[in-house]
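Residue numbers (the working numbering): 16 to 314.
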């Protein structure tokens, strides 16, 4: 991250100004929130491919429910994300469906809900309703955007769950050696469902942040964020085999992604080129961090 900052800073010294760096961090708030939840699933050795679709659905539902529920629409949408995540975890644990299939299917359902609810078109929030319900999200304190403070608070909650609660210790046990956790009498299925549920909730909160920031919702508003979110988790040091890393690692990974994205913008690399780059980074991150003692055969 420091190397990337220096490279861009040499190109344009204004890039290293404190206000610019704060703006850079606030730009990735939805990405970081999405990656926070995904970290818990990868930490147990799973994967959540529904996050982007759940976030898209959340933007639509928040926009539609704002006139009815006001600020409560955010809480309702977060609970909807929790339910979708729990559905992914239930399919994975109860029906023994691999998580990449279950979350892909649940993500497809979330996308369909977003398309049906929005009529497959972009929706717009009423400016006054948005200001009244979510204006506090868009303010600043001592020059720091409130949305960045919200992201850090959510990160602190996820970190507390991971490091200071029984659930977090069991997440680590599942990611490290799930058969041992089962043999110890731990209700592994219940905690795996919890991890997926939290991931869905965080993805929905990211969607709420998207909709408030952009004053509307769309079934495609969060497109292009799934790959960078996974990259943020893996580059931060939480491998797909689980048991290592965590939320603080993802914070660093998200900052690396932010700096790299900004670097490519400064170098005039188009969006398609950015996706290609993140694809290569994802493959490299998996190849260099995966614990092959847990995967003696790869199919």
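C-beta: ideal position from N, C-alpha, C; glycine also.
- With a beta-carbon spacing of about 19 Å, residue 211 and residue 45 fall beyond the 8 Å limit used to define contacts.
- Spatial neighbours of residue 217 in its own chain (CB-CB distance under 6 Å, excluding positions within 5 residues in sequence) are listed in chain order as 48, 51 and 52.
- Between the stretch 233 to 252 and the stretch 58 to 69, the count of C-beta pairs closer than 8 Å reaches three or more; the two stretches touch.
- Counting of Cβ neighbours within 10 angstroms places residue 282 among the exposed residues, the total staying below 16.
- Counting other Cβ atoms within 10 Å of its Cβ, residue 25 stays below 16 and is therefore classed as exposed.
- Between residue 75 and residue 133, the CB-CB gap stays under 8 Å.
- Beta-bridge analysis with DSSP links residue 160 to 155.
- Residue pairing from DSSP places residue 139 in a beta bridge opposite 231.
- Note on residue 162: 16 or more other CB atoms within 10 angstroms of its CB, so buried under the neighbour-count rule.
- In this structure, residue 88 lies away from residue 94, with their beta-carbon atoms at least 8 Å apart.
- Taking the C-beta atoms as reference points, residue 149 is found no nearer than 8 Å to residue 121.
- Counting only residues of its own chain and dropping the five nearest sequence neighbours on each side, residue 68 has a CB closer than 6 Å to the CB of 122, 125 and 126.
- Straight-line spacing of the CA atoms in residue 290 and residue 110 works out to 34 Å.
- Look at residue 259 here: in three-state DSSP terms it is coil, with no helix or strand label.
- Straight-line measurement puts the Cα of residue 235 at about 22 Å from the Cα of residue 297.
- The beta-carbon separation of residue 223 and residue 73, rounded to 6 Å, stays under the 8 Å limit for a contact.
- Between the stretch 194 to 208 and the stretch 269 to 285 there are fewer than three inter-stretch CB-CB distances shorter than 8 Å, so the stretches are not counted as touching.
- Shown here for residue 294: same chain residues with a beta carbon closer than 8 Å to its own, the five before and five after excluded, namely 242 in chain order.
- With a cutoff of 8 Å on beta-carbon distance, residue 97 and residue 232 are scored as not near each other.
- Boundaries cannot be given for residue 238, as no alpha helix (DSSP H) includes it and DSSP labels it neither H nor E.
- For residue 76, the enclosing alpha helix (DSSP H) stretches over residues 66 to 84.
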